[in-house]
Amino acid sequence: MIFCRLDLYFFPILDIYTPIDRTILGYKELFSPIRRFSMKKAAVIHDLSGFGKCSLTAAIPVLSALGVQCCPVATAVLTGQTGYPCYHCTDLTAMLPDYIDAWGKNNAHFDAIYSGFLTGAKQISQVLDFIRYFREEHTLLLVDPVMGDDGNAYPFFTPGLLNGMKELTLKADVITPNLTEACLLADIPENALLHCRTNTDLLKLAEDVALRLQKKASHPQDVVITGVKCRDEKHPVIYNIAATANGIYRHESPFFDRSFSGTGDLFASVLCGCCTKGICTEDAILLAGKFLSHSIGDTMKENTPGRDGVNFEKFLIDLIADSNV
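Converting from the sequence shown to our numbering requires adding 26 to each position, the first position being numbered 1.
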C-alpha cells in the first residue's frame, strides 16, 4: 500500500491523504488525475544564447516556475547575446519547417504560442505558418516585436522586418513592444520621442500609441508598452502602459538607471505564463514588475555588467508564491 498526497498536485481544495493499492488500480487509474489536470504548454519561438540571460534562457525557467511547460522553437543559437564584443551565431531559419512537420506528426497541441526575437522577414513568414498550423481557439498568442529601443532601430532592422511584425502583431492576443517598437508599428516617426519635453508628454504618447495599436486589431487585443522611463530627479520611475478591454492603465515600478540584457524577455515570459494560466493581463503586469524590480535591484548591488543580464533565479520562488502556482 502507498499513500499519494493528492491535494498537493491535483486537488487544491482537499486536504486528505488517499490510500492507493497498486494491486487494485491499474496504471491508467493511478494516474488519471494527471490527464484531467494536465500541465499547460507554451511553444516559445526565440533564440538560444549561451550568455546574457535572455530569450530562451529567460523563458524556460520563468515558464517552468509558473507551471507552464516551455516547448522551445530555437530560431538561432548564439554563444552569447549580441551585446558582447565577440559572439558567434548559427541561424536556424531552415529548421523551422521541421518543427511544424515533426510536431504536427506527433499531434502537438499548445495552450500558448510566444514569439520573441526573429532575424527577419523570412523567419516571420515561417512563424506565421507555425501559428496557422498550431493555433487553436483556446491558444493564447503573445508577440514581443523586437526591433529597437530608446528611439533607435536595431542594426538588423529592415522595412521587411517591420512589415512582417505588423502582420504578426495584428494576429496576437497580447503584444509587448517598448515605446520605440510601438511607434514603428503605429507608423509614428521614431523621433517622436525626442519631441516629448516632459514626462507627461511621454506618457501621453505611450497611451495614444497603445490605443492606436489596439484599434488596428480585428479582435480583442491587450497592448502592453513596456519600459517607459520617466527620469524625474525627485521620483524617477518606469511605467508599463497597458491598453486592455478594461481601459488604459499605468503600472509603475522603481527606475534603475542601468540597462540589462534580457529584462524585456523576462517581462514577456511572466506575462505569457500568467495569462496562459488565466491570470488577467493587469495582474500579470504587476507580478512581472515586482519580479523584475527585485531582480534588477539585486543585480545592481553586485555591479554586474549590463550585457550579463539580471539575477532573476533567486526570485523565482517569490514569483511562484505570488502567482499561486
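Cβ coordinates follow ideal geometry from the N, Cα and C atoms, glycine included.
Here the structure is a predicted model, which means the values were calculated and not measured.
**Asked** What's the C-alpha gap between L144 and D170?
**Response** A direct Cα-Cα distance of roughly 10 Å separates L144 from D170.
**Request:** Less than 8 Å between the CB atoms is what I'm expecting for C97 and F160, so what's the real figure, rounded?
**Result:** No, C97 and F160 are not in contact; Cβ-Cβ is about 10 Å, not under 8 Å.
**Item:** D248 versus C256 - alpha carbon distance
**Value:** D248 and C256: Cα-Cα distance of roughly 23 Å.
**Item:** L292 at chain B interface by Cβ criterion, 7 Å
**Value:** The structure shown contains no chain B; it is built from a single protein chain.
**Asked** Taking C-beta to C-beta, are S352 and G146 nearer than 7 Å?
**Response** Because the chain here runs from 27 to 351, residue 352 falls outside it and cannot be looked at.
**Request:** Go through its chain and collect everything with a Cβ distance to S319's Cβ below 6 Å, but skip five positions before and after it.
**Result:** Around S319, the same chain offers S279 and P280 as residues with beta carbons nearer than 6 Å, after the five sequence neighbours per side are excluded.
**Item:** From Q149, I139 and C298, residue whose alpha carbon lies closest to that of E163
**Value:** Minimum Cα distance to E163 is reached at I139.
**Request:** Could you tell me if A208 is buried or exposed, where buried requires 16 or more neighbouring beta carbons within 10 angstroms of its beta carbon?
**Result:** By the neighbour-count rule (16 or more Cβ atoms within 10 Å), A208 is buried.
**Request:** In the DSSP assignment, find the alpha helix (DSSP H) that holds I126 and state where it starts and stops.
**Result:** Per DSSP, I126 belongs to the alpha helix (DSSP H) from L122 to K131.
**Message:** Counting C-beta neighbours from all protein chains within 10 Å, is the total for G276 16 or more, i.e. buried, or is it exposed?
**Reply:** According to the sequence provided, residue 276 is Arg. The question's Gly does not apply to it. By the 10 Å Cβ count, R276 comes out exposed.
**Message:** Rounded to the nearest angstrom, what separates L168 and A68 at their Cα positions?
**Reply:** Pairing L168 with A68, the inter-Cα distance amounts to about 10 Å.
**Message:** Rounded to whole angstroms, what is the Cα-Cα separation between L32 and K303?
**Reply:** Low local confidence applies: a pLDDT of 40 at L32 is under 50, so the model's placement there is unreliable, with the coordinate-based value given in what follows. C-alpha separation (whole angstroms): 20 Å.
**Asked** Do you know offhand how far T101's Cα is from L194's?
**Response** Within the model, the alpha-carbon separation for T101 versus L194 is close to 16 Å.
**Message:** Can you give me the C-alpha to C-alpha distance between E339 and L297, rounded to a whole angstrom?
**Reply:** Near 17 Å, if we compare the C-alpha coordinates of L297 and E339.
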